[in-house]
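Reviewing the structure listed below.
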Amino acid sequence: MPKPRKPLSLTNLLRAELAAAPSVNAVAKALDLSQPTLARFLRGDTDSMDFATASRLFDYFGFVVAKPAAKPKAKPSAPNRRATKRQRPKV
34 MPKPRKPLSL
44 TNLLRAELAA
54 APSVNAVAKA
64 LDLSQPTLAR
74 FLRGDTDSMD
84 FATASRLFDY
94 FGFVVAKPAA
104 KPKAKPSAPN
114 RRATKRQRPK
124 V
């Protein structure tokens with residue numbers, strides 16, 4: 034049985050999109066960011082990034098963060114009829 038896949042971390046997700054971009058320099062220019070900062074992040078020299086920078090990258094790549102849908106509540110199970118003592122009709 035295959036193992037369930039773990040979702041990508043936000044860091045790895047951004048790195049994958051940045052690596053797939055035609056040019057890190059083009060992304061940096063489009064977002065008015067420092068190219069060396071993006072290059073260091075892509076190489077893995079740093080795992081941290083300013084929230085504003087990360088937010089701009091998420092917008093640029095078209096990511097949307099959504100809360101998962103609520104799981105339906107389980108219906109209460111019927112009482113266990115065997116657990117109760119049955120009374121026999123009196124004759």
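Going by the numbering used here, the residue at position 27 of the sequence shown is 60; the numbering climbs one at a time, nothing skipped.
Built from N, CA and C at the ideal position, the CB exists for glycine as well.
Item	Value
Helix, strand or coil at R145 [DSSP, three-state]	Outside the shown range of the chain (34 to 124) lies residue 145, about which nothing can therefore be said.
V60 burial status per 10 Å Cβ neighbour count (16 or more: buried)	buried
Cβ pair L64, R89 closer than 7 Å	yes
Between the CA atoms of P69 and G77 - distance to the nearest angstrom	12 Å
Cβ-based neighbour list, T86, same chain, cut-off 7 Å, excluding 5 preceding and 5 following	L66
Cβ-based burial, F125 [other Cβ within 10 Å; buried from 16]	As shown, the chain starts at 34 and ends at 124. That puts residue 125 outside it, with no answer to give.
Where the alpha helix (DSSP H) through P69 begins and ends	68–76
Start and end residues, alpha helix (DSSP H) containing K17	Examination of residue 17 is not possible in this model, given that the chain is present from 34 through 124 alone.
Proximity of T44 and D80 at Cβ, strictly below 7 Å	yes
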